[in-house]
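Participant: Structure below; questions to follow.
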Amino acid sequence: MEYRFEHLEVEDRDGGLFRVTVSRPEVLNALNDATIAEIDRCFAQLKEDPSARVVVLTGSGPKSFVAGADIQELAGQSATEGRDRSRRGQRAFDRIEQLGKPTIAAVNGFALGGGCELALACHLRFASEKSRWGLPEVTLGIIPGFGGTQRLGRIVGVGRALELVLSGEMIRADEAHRIGLVNRLFAPEELIDGAEAFARTLLQRGPVALRFVLESVLRGADGVLREGLDLESDLFGVISSTEDVAEGMTAFLEKRTPDFTGR
5 MEYRFEHLEV
15 EDRDGGLFRV
25 TVSRPEVLNA
35 LNDATIAEID
45 RCFAQLKEDP
55 SARVVVLTGS
65 GPKSFVAGAD
75 IQELAGQSAT
85 EGRDRSRRGQ
95 RAFDRIEQLG
105 KPTIAAVNGF
115 ALGGGCELAL
125 ACHLRFASEK
135 SRWGLPEVTL
145 GIIPGFGGTQ
155 RLGRIVGVGR
165 ALELVLSGEM
175 IRADEAHRIG
185 LVNRLFAPEE
195 LIDGAEAFAR
205 TLLQRGPVAL
215 RFVLESVLRG
225 ADGVLREGLD
235 LESDLFGVIS
245 STEDVAEGMT
255 AFLEKRTPDF
265 TGR
């Protein structure tokens, strides 16, 4: 499958690992409408690409993951334009969350506004020790519109989320890690290698199992516990009849590495 974009770089890192880089370094990788549309198309392609099994998402340059939305496009928007822009961004970020394949945000610098929301849409967030995080929209008199008011509380808790969103304050990487916003911290020069090393451990797991884990956790988080437990049981039953389970069990008993096929 061919990936051609103006503001994104897509690399097949072999073995099922893909790296996607937001590349607008002249504006700290800010998200304009064109870049949002490309993210939407890119992750729609990745979902359908059988060779893509784990995705690492990062930003170009040493300073910024994504510094936010493009303020020039937001200035002067009407109520209808604002709603439509929000929904386009939410749809693009939903593509990431609902990819069915693990996504890891490798946050190399500023993750502010739309950039923080982009990282929140990923399943895991690995970060440089020099990264900075925040949802500063209220300082512009607006609110987050690409999922920040919904996803942040699900990750760090409602109280922490309200503190960050209401104040608009930026926090350091160590604080983001302490509150659970960031999964793992790395020295700046070790971030990408660290993220890709972890990604490669996921490539050794059963791809159907990874997809079902993502479905069970993400769908379960949106409902009541009993519904989530029922979903888990259903998925546990379905996966029990797959070739991957037979291979995984046999490999364990034979003390060898399993050769999963995703069936």
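Heads up: the sequence shown is residues 5 to 267, going by my numbering. Virtual Cβ for every residue (Gly too), placed ideally from N, Cα, C.
Give me, in chain order, the residues of the same chain whose beta-carbon lies closer than 7 angstroms to that of L170; leave out the 5 immediate sequence neighbours on both sides.
Facilitator: V142
Participant: Express the C-alpha separation of P106 and L214 in angstroms, rounding to a whole number.
Facilitator: Note on geometry: alpha-carbon atoms of L214 and P106 lie some 7 angstroms from one another.
Participant: Is the region 227 to 237 touching the region 85 to 102 in the sense that three or more CB pairs, one from each, lie closer than 8 angstroms?
Facilitator: Short answer: they don't touch.
Participant: Taking buried to mean at least 16 other C-beta atoms within 10 Å of its own C-beta, is D18 buried or exposed?
Facilitator: exposed
Participant: Could you tell me if S244 is buried or exposed, where buried requires 16 or more neighbouring beta carbons within 10 angstroms of its beta carbon?
Facilitator: exposed
Participant: Among the residues of its own chain, which have a CB less than 7 angstroms from the CB of V212, if the five just before and after it don't count?
Facilitator: I243, T246, D248 and G266
Participant: DSSP three-state call for V24: helix, strand or coil?
Facilitator: DSSP, read as helix, strand or coil, puts V24 in strand.
Participant: Sort P140, L128 and A56 by Cα distance to V118 and report the nearest one.
Facilitator: Per the sequence shown, residue 118 should be read as Gly rather than Val. Taking only the C-alpha atoms, the option nearest G118 is P140.
Participant: If you draw a straight line from the alpha carbon of I183 to that of A131, how long is it in whole angstroms?
Facilitator: 14 angstroms
Participant: Hey, quick one: how far does the beta strand (DSSP E) through L61 stretch, first residue to last?
Facilitator: V58 to G63
Participant: Let's test the definition: count the other Cβ atoms within 10 Å of the Cβ of F190 and tell me whether it reaches 16, buried, or not, exposed.
Facilitator: buried
Participant: I think R99 touches F47, with their Cβ atoms under 8 angstroms apart; what is that distance to the nearest whole Å?
Facilitator: 4 angstroms
Participant: Might you give, ordered along the chain, the residues of its own chain that have their beta carbon closer than 7 angstroms to the beta carbon of D53, omitting 5 neighbours on each side?
Facilitator: Result list for D53: M5, in chain order.
Participant: For the beta strand (DSSP E) that contains I108, what are its first and last residues?
Facilitator: T107 to V111
Participant: Where do the N-terminal and C-terminal ends of the alpha helix (DSSP H) with R215 fall, by residue?
Facilitator: P211 to A225
Participant: I'd like the list of long-range same chain contacts for D263, defined as Cβ closer than 7 angstroms, with 5 residues on each side in sequence excluded.
Facilitator: Answer for D263: E251, listed in chain order.
Participant: Put I175 into one of helix, strand or coil per three-state DSSP.
Facilitator: If DSSP states are grouped into helix, strand and coil, I175 belongs with the strands.
Participant: Could you spell out where the alpha helix (DSSP H) holding E231 opens and where it closes?
Facilitator: For E231, the enclosing alpha helix (DSSP H) has its first and last residue at L229 to I243.
Participant: Going by CA-CA distance only, name the one from I43, T261, L116 and I146 that's closest to E13.
Facilitator: I43
Participant: If you follow the beta strand (DSSP E) that V271 is in, where does it begin and where does it stop?
Facilitator: The question about residue 271 has no answer, for the chain in this structure spans 5 to 267.
Participant: Is T62 buried or exposed, if buried means 16 or more other CB atoms sit within 10 Å of its CB?
Facilitator: buried
Participant: With a threshold of 16 other CB atoms inside 10 Å of the CB of R136, please say whether the residue is buried or exposed.
Facilitator: That one is buried.
Participant: To which residues does DSSP link L128 through a beta bridge?
Facilitator: Answer by DSSP bridge pairing, in chain order: I108.
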